[in-house]
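Protein sequences, first through last, are from chains S and L. Position 43 of the first sequence, counted from 1, bears residue number 43 in this note's numbering, the numbering being contiguous throughout. Convert by adding 1000 to the 1-based position in the second sequence; the result is the number in this note's numbering. To start, the structure under review is shown below, and the notes come after it.
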Amino acid sequence: MIKFSEIKKSLLISIWFMFLTFPIIVIRVNPTEKIIEWRWHNIMLVGIGSFFISYIWRYFLERKELGEQKAKAGEEAKISVIRKTLSNPQNFKPAMIAVGVLAVVFPFVFSIYQTNIMITALMYVMLGLGLNIVVGLAGLLDLGYVAFYAVGAYSYALLNYHFGIGFWTALPIGGALAAIFGIILGFPVLRLRGDYLAIVTLGFGEIIRIILENWNEFSFGPSGIANIPRPGFLGMKLSLEYSIIYMYFLMIGLTLFTIFVVNRLQDSRIGRAWIALREDEVACQAMGIDKTKTKLTAFSLGATWAGMVGVIFAAKTTFINPASFTVWESIIILCIVVLGGMGSVVGVIVGAFILMLLPEYLIAFSDYRMLIFGAILVTMMVFRPGGIISTVRRTYQFKDETSERKN
Amino acid sequence: MGLILEVKNMTKDFGGLRALDRLDIDVAEGEIVALIGPNGAGKTTFFNCITGIYAPTQGDVLVTPYGKKQERINGLKPNHVTEKGLARTFQNIRLFANMTVLENVMIGRHCRSSSGILGAIFRNRKTVSEEKKIVKDSYTILEKIGLTTYVNEFAKNLPYGAQRRLEIARAMATDPFLLLLDEPAAGMNVRETEELDELIVRIRDEEQISILLIEHDMKLVMSLSDRIFVMDYGKKIAQGAPAEIQNDPVVIKAYLGEDIDA
Ligand SMILES: Nc1ncnc2c1ncn2[C@@H]1O[C@H](COP(=O)(O)OP(=O)(O)O)[C@@H](O)[C@H]1O
Ligand SMILES: [Mg+2]
Chain S
1 MIKFSEIKKS LLISIWFMFL TFPIIVIRVN PTEKIIEWRW HNIMLVGIGS FFISYIWRYF
61 LERKELGEQK AKAGEEAKIS VIRKTLSNPQ NFKPAMIAVG VLAVVFPFVF SIYQTNIMIT
121 ALMYVMLGLG LNIVVGLAGL LDLGYVAFYA VGAYSYALLN YHFGIGFWTA LPIGGALAAI
181 FGIILGFPVL RLRGDYLAIV TLGFGEIIRI ILENWNEFSF GPSGIANIPR PGFLGMKLSL
241 EYSIIYMYFL MIGLTLFTIF VVNRLQDSRI GRAWIALRED EVACQAMGID KTKTKLTAFS
301 LGATWAGMVG VIFAAKTTFI NPASFTVWES IIILCIVVLG GMGSVVGVIV GAFILMLLPE
361 YLIAFSDYRM LIFGAILVTM MVFRPGGIIS TVRRTYQFKD ETSERKN
Chain L
1001 MGLILEVKNM TKDFGGLRAL DRLDIDVAEG EIVALIGPNG AGKTTFFNCI TGIYAPTQGD
1061 VLVTPYGKKQ ERINGLKPNH VTEKGLARTF QNIRLFANMT VLENVMIGRH CRSSSGILGA
1121 IFRNRKTVSE EKKIVKDSYT ILEKIGLTTY VNEFAKNLPY GAQRRLEIAR AMATDPFLLL
1181 LDEPAAGMNV RETEELDELI VRIRDEEQIS ILLIEHDMKL VMSLSDRIFV MDYGKKIAQG
1241 APAEIQNDPV VIKAYLGEDI DA
């Protein structure tokens, strides 16, 4: 399928690319010896590389469009392999058992280091599922999610510092405080949508971080708060190793709890209202849904999870400072939701594991982590905008459905 | 029978443009009333002003739900207008594209049900039975509209005519006493339009829902309506029974595009 016009386009792109990258790729100034080095061979590599990438890109794009046309023409849409394996009940049970067994034996088989990574991954699963309520279900692009994470972490750290409040009491308090912050943030942005909402929430996230950094009397500024206790087991203090294993199982439990709640929410009256709001705000209101209430519940329920994970984060690292709550965190959590599949619980879990575990195990690539993130996201948006696993809506069975089909 | 909708002196300005100009329109219980007029006459704007999507510059909207006291509803938010019993469809279809057909209708039941977050999480008995009832009621409406073949289909995958009917089903799910239909036959073929004609009469007769519709298909308008209001440039230029409207020289002029002020 080599078309001349395609080659021509790719050729043009590669020339344009060579031109753009020329100053940084070819010229190297050596200021001490005052000479300019011309590295012409580099430009050849850039040219050839961009030509092939652009050609492959166009090839896949064309194939994708062809596929869409076929689907429109009424041919049976191909169901993805992932979806097929997932929806097959015969595969479902053994897979669940396998995951369950792996989850239970994990900390005993693998090292403490690995268990720690797993705890972090599970934390991001929870964060992803929480943000999924706001972004995936209610369609509110929130870039300040990390603010609620910070609220949770600081509420445990400060409550513990001043009043000696323990982890288990702080967990619901952190969640509740974050929920209140969610409502406080929700009010001023009720009228905003899309990009505008994203920018304002981004600002809000930064404001919280800057306050924490500068209000020394309250938050101890950039030096942060240390010696935050790990969760104790029935009042006992655990050794480091046991405490990590304990946190691991705690995270497994909390993650299951999150999945349970989010699953129930999204097929409820409230969950449907969120999705309707995402799909069409005007129609949603015209169908009798209170926009204000629906948005605020989405913001505050999403924030609750961030608050709880914040408490866990403080307990896990035993030290927090504002540097842990930069806008990067928000963006990574957003990437998890977008990559996994907006609105899809399984998708978000898969997304969190991919984005958290891959960089850990591909240390060689860790310098290029952000670059790879970016490339993956752009590719995903073009070829699979629904995410790795796109949402399925609940189907309902009716007894007389088949007889109805006739008329 | 009494009036269920009375719009008095409705005016709407968009900056310098007067889209609605001192409009008086009413609908009586059990009527099918049509609102016609050339493109840009202000018909959709009129719907938006009654349903709370726009705030009218001036004027009153008074509704009298069947057997209840008259109330002013201008200034209410769209969702509260819907709660009062006015439901609408949109000229450019506004379904919830990525929700199933059944879920679209279930959204209509939202304002007639009450379970909240805690109910959703704990699934207590009240929530479960309410949810069951929402599903059952929604399915019943789909049966009436004849969309049960598509129950679990995404709304965006429906054929055009079915999407228009789904909008009607969704609006009916809010338990209205008055249904506002904005060009329900737009884009439909002859057979679909005939089915729509039947459907609208059936909604009026069997569900006791009165109807106010905007429509360009004159055959449909003439066969359906008890009364017709004609608008041009935001003003009401005629009103009456179909036979009167058909022969009204002012209406004919407006439709032929001549300057009516001359
Ligand atoms: N939101 C708006 N802002 C400014 N002008 C509007 C707006 N909505 C409608 N209009 C104007 O009001 C007039 C009436 O429009 P519309 O109600 O859509 O007409 P119809 O439904 O009768 O075809 C048109 O001139 C239109 O351009
Ligand atoms: Mg219109």
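For each residue, glycine too, the CB sits at the ideal point set by N, CA and C.
> If you draw a straight line from the alpha carbon of Gly221/S to that of Val29/S, how long is it in whole angstroms?
Replying inline: Straight-line Cα distance between these residues: approximately 42 angstroms.
> If you drop the 5 nearest sequence neighbours on each side, which residues of the same chain put their C-beta closer than 7 angstroms to that of Ile336/S?
Replying inline: Cβ neighbours of Ile336/S beyond the five flanking positions: Tyr124, Gly128, Val348, Gly351, Ala352 and Leu355.
>> Under 8 angstroms, Cβ to Cβ, is there at least one residue of chain S near Thr1044/L?
In response: Taking Cβ atoms only, chain S never reaches closer than 8 angstroms to Thr1044/L, which makes this a no.
>> What does the Cβ neighbour count give for Asp195/S, buried or exposed, with the cut at 16 atoms within 10 Å?
In response: Label assigned to Asp195/S: exposed.
>> I need the straight-line Cα distance from Ile119/S to Ala314/S, nearest angstrom please.
In response: Looking at the backbone, the Cα of Ile119/S and that of Ala314/S are separated by about 13 angstroms.
>> With a threshold of 8 angstroms, are at least 3 pairs of Cβ atoms found where one atom belongs to the stretch 1140-1149 of chain L and the other to the stretch 307-324 of chain S?
In response: Counting C-beta pairs with one atom in each stretch, the stretch 1140-1149 of chain L and the stretch 307-324 of chain S have fewer than three that are closer than 8 angstroms, which means they do not touch.
> What is the DSSP secondary structure of Met1010/L, counted as helix, strand or coil?
Replying inline: Strand at Met1010/L.
> Who are the Cβ neighbours of Ser243/S in its own chain at under 6 angstroms, not counting the five residues just before and after it?
Replying inline: Close CB contacts of Ser243/S within its chain, under the 6 angstroms cut and outside five residues either way in sequence, are with Arg230 (chain order).
> Would DSSP call Arg394/S helix, strand or coil?
Replying inline: In this structure, Arg394/S counts as coil in the three-state DSSP scheme.
> Would the beta-carbon of Gly1234/L fall within 8 angstroms of that of Leu1005/L?
Replying inline: The answer is no: Cβ separation not under 8 angstroms.
> Ordered along the chain, which non-local residues of its own chain (more than five positions away) have a Cβ less than 8 angstroms from that of Ile1209/L?
Replying inline: Residues Met1172, Pro1176, Phe1177, Leu1178, Leu1179 and Ile1203 of the same chain have their beta carbon placed closer than 8 angstroms to that of Ile1209/L, with the five preceding and five following residues left out of the count.
> According to the neighbour-count rule (16 or more other Cβ atoms, all chains shown, within 10 Å of its Cβ), is Glu1071/L buried or exposed?
Replying inline: With fewer than 16 other Cβ atoms within 10 Å, it is exposed.
> Any C-beta of chain S sitting closer than 8 angstroms to the C-beta of Arg1018/L?
Replying inline: Cβ-Cβ to chain S under 8 angstroms: no for Arg1018/L.
>> Taking 6 angstroms as the limit between beta carbons, can you name the residues of its chain near Leu1003/L, skipping five residues before and five after?
In response: Here the set comprises Asp1026 and Ala1028.
> Which residues in the same chain as Leu141/S place their Cβ atom closer than 7 angstroms to its Cβ, once the five residues preceding and following it in sequence are excluded?
Replying inline: Cβ neighbours of Leu141/S within its own chain (closer than 7 angstroms, five residues either side excluded): Val135, Gly194, Leu197 and Ala198.
> For Val261/S, which residues in chain L fall below 8 angstroms Cβ to Cβ?
Replying inline: Near Val261/S (Cβ distances below 8 angstroms), the residues of chain L are Ile1121.
> In whole angstroms, what is the alpha-carbon distance linking Ile13/S and Arg58/S?
Replying inline: Distance between the alpha carbons of Ile13/S and Arg58/S is about 11 angstroms.
> Would you say Ala286/S reaches chain L, if we count a Cβ-Cβ gap shorter than 8 angstroms as a contact?
Replying inline: At least one chain L Cβ lies under 8 angstroms of Ala286/S.
> Between the stretch 1185-1212 of chain L and chain S, which residues of the former have CB atoms less than 9 angstroms from a CB of the latter, in chain order?
Replying inline: Against chain S - using a Cβ distance shorter than 9 angstroms - the stretch 1185-1212 of chain L contributes no residues.
> Who are the near neighbours of Gln1239/L in its chain, counting only those whose CB is closer than 6 angstroms to its CB and skipping five residues on each side?
Replying inline: For Gln1239/L, where only same-chain residues beyond five positions count, the Cβ hits under 6 angstroms are Phe1229.
>> In whole angstroms, give me the CA-to-CA distance for Thr391/S and Ile56/S.
In response: One C-alpha to the other measures close to 28 angstroms.
> Using the C-alpha atoms, what's the distance from Ala1097/L back to Gly343/S?
Replying inline: Their Cα atoms are separated by approximately 14 angstroms.
> In chain S, which residues lie with their C-beta within 7 angstroms of the C-beta of Phe1014/L?
Replying inline: Within 7 angstroms of the CB of Phe1014/L, no CB atom of chain S is found; the nearest one sits about 17 angstroms away.
>> According to DSSP, Thr294/S sits in a beta bridge with which residue or residues?
In response: For Thr294/S, DSSP records no beta bridge to any residue.
>> Once DSSP output is grouped into helix, strand and coil, what is the label at Ala176/S?
In response: In this structure, Ala176/S counts as helix in the three-state DSSP scheme.
>> For Glu1215/L, count the other beta carbons within 10 Å of its own beta carbon; 16 or more makes it buried, fewer makes it exposed. Which is it?
In response: Under a 10 Å Cβ-count criterion, Glu1215/L is classified as buried, with 16 or more other Cβ atoms of the shown protein chains found around its own Cβ.
>> Whole angstroms are fine: how far does the CA of Tyr145/S sit from the CA of Arg393/S?
In response: The straight-line gap separating the alpha-carbon atoms of Arg393/S and Tyr145/S is approximately 26 angstroms.
> Based on Cα-Cα distance, which residue from Gly1187/L, Gly1108/L, His1080/L and Pro1242/L lies nearest to Ile1053/L?
Replying inline: Comparing Cα-Cα distances from Ile1053/L to each of Gly1187/L, Gly1108/L, His1080/L and Pro1242/L, the minimum goes to His1080/L.
> Listing by chain order, which chain S residues have their CB less than 9 angstroms from the CB of Ala1097/L?
Replying inline: Simply Glu279 and Asp280.
> Does at least one heavy atom of ligand 2 sit under 7 angstroms from the Cβ of Lys1012/L?
Replying inline: It does not: the Cβ of Lys1012/L is nowhere closer than 7 angstroms to a heavy atom of ligand 2.
> Within the 8 angstroms Cβ cut-off, does Arg193/S reach chain L?
Replying inline: Arg193/S does not count as touching chain L.
>> Taking 8 angstroms as the threshold (beta carbon to beta carbon), is Tyr396/S in contact with chain L?
In response: With 8 angstroms as the cut-off, Tyr396/S counts as an interface residue toward chain L.
> For the alpha helix (DSSP H) that contains Trp38/S, what are its first and last residues?
Replying inline: Per DSSP, Trp38/S belongs to no alpha helix (DSSP H); it is in the beta strand (DSSP E), Ile35 to Trp38.
>> At the level of alpha carbons, what is the spacing between Ile1200/L and Lys93/S?
In response: Whole-angstrom Cα-Cα distance: 49 angstroms.
>> Does Met462/S come out as helix, strand or coil in the three-state DSSP assignment?
In response: Look at the range of chain S in this structure, 1 to 407, and you will see that residue 462/S is not part of it.
>> Cβ closer than 9 angstroms: which chain L residues qualify as neighbours of Leu265/S?
In response: Going along chain L in sequence order, the residues near Leu265/S (Cβ under 9 angstroms) are Ile1117, Ala1120 and Ile1121.
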